[in-house]
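Visitor: My questions will all concern the structure given below.
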Amino acid sequence: MANRSPSAFRRYRWKELGLLIIPFMILLLELTQLLLVKQLKGDPAASFTFRNLPTAQALIPMLGLIAVLLGTHILFSIFFPKTDQLLLPLVGLLSGFGVLMATRLGPNVNDPNLGARQLIWVILGLLVCIATLFGLRNMNWLRRYPYTWAVLGIILVGITIGKALSVRNLDSPTHDQLNIGPLNLQPSELLKICIIIFFAAYLSENRDILSGVTLRRLRLPPLRQLGPILTMLGIALLLFLVVRELGLALLIYGLFLSMIYLGSGKISYVIGGLFLFALLGFIGYGLFGYVRQRFAILGIDVVTPGHFDETLYQSSAFQIVQGLIALASGGIIGSGLGLGHPGFVPVVQSDMVLTALGEELGLAGLFAIIGLYLLLIYRGFRIAIETSDAFNQLLAAGLTSIFAIQTIIIAAGNMKLFPLTGIPLPFLSYGGSSILANYIIIGILLRISHNTAMEREGFA
Amino acid sequence: MISTSSEGKDMPLDVFLLILRLLLIVLLYLFLMQVVIAITRDLRKTAAVSADADSKTPPVVGHLVVIDSGPSNLTPGTPFDLVPQTTIGRGPTNTIQLPDSFISAEHTRLWYRNGAWYVQDAGSTNGTYLNNQPAREALPAKPGDIVQVGFIRFKLTQ
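Residue numbers (this note's numbering), protein chains in the order written: chain A, 1486 to 1945; chain B, 29 to 186.
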């Protein structure tokens, strides 16, 4: 694999290295700011001298992350010189911000080691990403056994449900976690990937039938071919309604619609799916109190005080209202990392991390972060377009949709545009399983990009 | 820990932190710009490549001749044109479409690079074989080799 030809210098991934420089500067700058603020906070007369700058020792966590990112970059250059060069810098900067926010928010949620743990998860994630790249030498074993992936997904759901039912406390935020020794794993994070692999494998095998039947029988979806997918979807949705994981149900439904659209190219399916979704939404609204409550929060008028139901505010709207206040207090350029007051927002380290970012980096910083997500998603779809075979296309586009749908659901939830649901913001939220799952996705995307490039350049 | 403000070169902490904050925003947008520039360059390169590809229809660089039609209704001796990137399968997107129930929607891929053919199975049910070797990974092929797609056997010719 390793190409040590004279052109190795020219083939080196200079673009990736160049793009990594600014993220490294940003990460070091922000850690410096965080340490300065920690050291000097509470002293209004404090002034800055160079003696106050943190020592290299204090910067070790970020330097460690930078070293691991550089190591990953060098490994890619040796073994996968042709794989996409933009994903690593984008993802590295996003997860660097994740580590910074966890470090900054740790004291606010009474967990000083939060940052250190997030850092370890990110490093593990990068290792998992490299392992995925090496391990997926042959994409065919993903494609060949769609039902194995479906069954694996159902088992993961089953574990989640079993855990939730045994705890009998569906309101606790951790009811969907699985404790193995010291690890808190969320099986649902891996479920997303299994579902996408299943959809991609199934749809790429049945694509001709999907679009062929609709041509003859005016827009009637071929139920026989859609059967396995609908069954899978039904199981996932039903089980999530049982454990009250509204966010995941939404995510899975969104992924289902994207995959059907990508596989068939028919907008009528998406419109039909949205109608069905509205119908299901009404049923859910009528059946479940907590769904009604989530929607009631959307009607709250934050600007005129005393205008809303006090009990609603105390019970569940508190989180969102505090989040909105935090976002508003950030203004255009924000209060600066470490200088805001994100401690008022419940679960600020995971679900509400966007509000903390908005408060401390301001509107300008938030726009830049949304920009990072946009570029990441653009790149994912680009990888999908460039590859030549249907399974890889569907897989890459589907995995990228995970990022897109997750980001939009949770960002809209934080801003009271949509009922708030508990799903993590990719790479920024605190949480090991989510980081690992996201890095597996990045690994698969890089592998697809590598395969496409190899095929184009030939094996010589 | 806390510096005394008697030193002349001191800067109020607030001012320094404001500078850091502005620097961060500048750096963030510089990074975004750098990525966008990289993307535009990429797109321009791909556009140039595909313009090249569009200007001429893909050249026919070889043929697959049916030598054993197996269970299908192909006539032995039928030639199929091969372009540098050829896909074989039942689906409508393939270069060579074989409407046979033993052929998967996307069955086999063949591509021509640096004077040699490569054959790889595209995840089919009944497999692809090159000279009776299963072609799960890409295998190099030369004219005269026997390519078996499902139960149909072809001879690769110039």
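The beta carbon of each residue, even a glycine, is placed where N, CA and C say it ideally should be.
Under 7 Å Cβ-Cβ, which residues of chain B neighbour Pro1508 (chain A)?
Guide: At a C-beta separation below 7 Å, Pro1508 (chain A) has these neighbours in chain B: Phe59.
Visitor: Give a yes or no on whether 7 Å exceeds the smallest Cβ distance from Arg49 (chain B) to chain A.
Guide: yes
Visitor: In terms of DSSP beta bridges, what is Asp109 (chain B) paired with?
Guide: Per DSSP, B:His91.
Visitor: Alpha carbon to alpha carbon, what distance is there between Leu41 (chain B) and Arg1867 (chain A)?
Guide: Between Arg1867 (chain A) and Leu41 (chain B), the C-alpha separation is close to 45 Å.
Visitor: Which residues share a DSSP beta bridge with Phe182 (chain B)?
Guide: B:Val94 and B:Val175
Visitor: For chain A, is any of its Cβ atoms less than 7 Å away from the one on Ile131 (chain B)?
Guide: no
Visitor: Return the chain-ordered list of same chain residues with a C-beta closer than 7 Å to the C-beta of Ser155 (chain B), the five sequence neighbours on each side being excluded.
Guide: The identity of residue 155 (chain B) in the sequence shown is Gly, whereas the question assumes Ser. Contacts found: Asp149 and Pro162.
Visitor: Quick check on the burial criterion: 16 or more other C-beta atoms within 10 angstroms. Buried or exposed for Ala1541 (chain A)?
Guide: exposed
Visitor: Assign Leu1761 (chain A) to one of three DSSP states: helix, strand, or coil.
Guide: Leu1761 (chain A) carries a helical assignment under DSSP once its states are collapsed to helix, strand and coil.
Visitor: Can you name the residues of chain B whose CB is closer than 9 Å to the CB of Glu1674 (chain A)?
Guide: Those do not exist, as Glu1674 (chain A) stays about 26 Å from chain B at its closest Cβ, beyond 9 Å.
Visitor: My guess is that Lys1567 (chain A) and Ala1938 (chain A) are in contact by the Cβ rule of under 8 Å, so how many angstroms apart are they, rounded?
Guide: Contact flag correct, Cβ pair sits at about 3 Å.
Visitor: Are the stretch 99-112 of chain B and the stretch 62-79 of chain B touching by the rule of at least three beta carbon pairs closer than 8 Å?
Guide: no
Visitor: Alpha carbon to alpha carbon, how far is Thr1617 (chain A) from Gly1928 (chain A)? Give it in angstroms, no decimals.
Guide: 5 Å
Visitor: In whole angstroms, what is the alpha-carbon distance linking Phe1903 (chain A) and Ala1811 (chain A)?
Guide: 18 Å
Visitor: Return no unless some Cβ of chain B is closer than 7 Å to the Cβ of Ala1889 (chain A).
Guide: no
Visitor: Note down the Cα distance separating Leu1611 (chain A) from Leu1554 (chain A), rounded to an integer number of angstroms.
Guide: 8 Å
Visitor: Looking at Leu1604 (chain A) and Val1584 (chain A), is the spacing between their C-beta atoms short of 7 Å?
Guide: yes
Visitor: Does chain A have any CB closer than 7 Å to the CB of Leu167 (chain B)?
Guide: no
Visitor: Since Gly1748 (chain A) contacts Leu1688 (chain A) with CB under 8 Å, what's their CB separation in whole angstroms?
Guide: Contact between Gly1748 (chain A) and Leu1688 (chain A) holds, with the beta-carbon distance rounding to 4 Å and staying under 8 Å.
Visitor: With a threshold of 16 other CB atoms inside 10 Å of the CB of Glu1940 (chain A), please say whether the residue is buried or exposed.
Guide: buried
Visitor: Can you name the residues of chain A whose CB is closer than 8 Å to the CB of Leu55 (chain B)?
Guide: Ile1507, Met1510, Ile1511 and Leu1514
Visitor: What residues from the stretch 145-157 of chain B come within 8 Å of chain A, judged by C-beta to C-beta, listed N to C?
Guide: Tyr146, Asp149, Ala150 and Gly151
Visitor: Using a Cβ cut-off of 7 Å (strictly closer), state whether Val63 (chain B) contacts chain A.
Guide: yes
Visitor: Using a Cβ cut-off of 7 Å, pull out every chain B residue sitting near Glu1844 (chain A), in sequence order please.
Guide: The contacting residues do not exist; Glu1844 (chain A) stays about 13 Å from chain B at best.
Visitor: Report yes if the C-beta distance between Ser152 (chain B) and Ser132 (chain B) is below 7 Å; otherwise report no.
Guide: Contact flag set, yes.
Visitor: Could you tell me the alpha carbon to alpha carbon distance between Val1698 (chain A) and Arg181 (chain B), rounded to whole angstroms?
Guide: Confidence in Val1698 (chain A) is poor, its pLDDT being 46 and thus under 50, which makes the residue's placement unreliable; the coordinate value appears in the next sentence. Answer to the nearest angstrom: the Cα atoms are 30 Å apart.
Visitor: Measuring CB to CB, does Leu1590 (chain A) end up less than 7 Å from Gln1834 (chain A)?
Guide: yes
Visitor: Using only the alpha-carbon positions, how far apart do Ile1615 (chain A) and Val64 (chain B) sit?
Guide: Rounded to the nearest whole angstrom, the C-alpha separation of Ile1615 (chain A) and Val64 (chain B) is 26 Å.
Visitor: Since Leu1573 (chain A) and His1558 (chain A) are thought to touch, with beta carbons under 8 Å apart, how far apart are those beta carbons, to the nearest angstrom?
Guide: 6 Å
Visitor: Tyr1770 (chain A) by DSSP, collapsed to three states: which one?
Guide: helix
Visitor: Within this structure, are the beta carbons of Ile1681 (chain A) and Gly1883 (chain A) separated by less than 7 Å?
Guide: Contact: yes.
Visitor: In the stretch 1892-1925 of chain A, which residues sit with their C-beta less than 8 Å from some C-beta in chain B, listed in chain order?
Guide: none
Visitor: Note down, one range per segment and in chain order, each alpha helix (DSSP H) of at least 4 residues found wholly within the stretch 1787-1859 of chain A.
Guide: Secondary structure in the stretch 1787-1859 of chain A: the alpha helix (DSSP H) runs of 4 residues or longer, each lying completely within the stretch, are 1803-1815 in chain order.
Visitor: With three or more beta-carbon pairs closer than 8 Å as the criterion, would you say the stretch 1920-1927 of chain A touches the stretch 1747-1766 of chain A?
Guide: no
Visitor: Are there 16 or more other CB atoms within 10 angstroms of the CB of Phe1760 (chain A), so buried, or fewer, so exposed?
Guide: exposed
Visitor: Any Cβ of chain A within less than 7 Å of the Cβ of Leu41 (chain B)?
Guide: With 7 Å as the cut-off, Leu41 (chain B) counts as an interface residue toward chain A.
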